[in-house]
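Peer 1: Residue numbers 0 to 64, in numbering that gives the first Met the number 0, belong to the letters of the sequence shown in order.
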Amino acid sequence: MPLTKSEARKIALSFDGTSEGPYFGKPAIFVNEEYLTRIHDKEEAVVLRTGSMEMREVMLEAFLR
C-alpha cells in the first residue's frame with residue numbers, strides 16, 4: 000500500500016534534526032539545514048537527495064526488485 004503525501008512528510012520529519020522550509024520555492028525537509036527531500040507536486044513521488052550517482056543507481060535497483 001503506497002504512502003500518502005502526509006504520511007511521507009510525517010516519516011521524514013520524524014528523524015532527529017529535521018525541519019521544514021522552502022527549497023526552490025517548494026516545501027522541503029532538511030536535516031541539520033541541508034536539503035534531504037520533498038514531495039513531488041505533480042506525481043505520486045518523493046524527490047530524495049543522494050550522495051552520488053552510484054548511490055542513486057543502487058537505490059533504484061533495490062526499489063525495482
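Where a beta carbon is used, it is the ideal one built from N, C-alpha and C, also for glycine.
None of these values were measured; they are calculated from a predicted model.
1. Going straight from the alpha carbon of S51 to that of V57, what length do you get?
2. With a threshold of 16 other CB atoms inside 10 Å of the CB of R37, please say whether the residue is buried or exposed.
3. I need the DSSP call for S18, collapsed to helix, strand or coil.
4. What does DSSP give as the partner residues of R37 in its beta bridges?
5. Relative to the C-alpha of T3, which residue among V45, E53, T49 and E60 is closest?
Peer 2: With the structure as the only source:
1. Numbered from its first residue, the sequence shown carries residue 51 at position 52. Numbered from its first residue, the sequence shown carries residue 57 at position 58. Whole-angstrom Cα-Cα distance: 10 Å.
2. Within the sequence shown, the letter at position 38 stands for residue 37. R37 is buried by the Cβ-count criterion.
3. Within the sequence shown, the letter at position 19 stands for residue 18. Three-state DSSP puts S18 in a strand.
4. Taking the sequence shown and counting its residues from 1, the one referred to as residue 37 is at position 38. Bridge partners of R37: V46.
5. As a working note, residue 3 is residue 4 in the sequence shown. The candidate whose alpha carbon is nearest that of T3 is V45.
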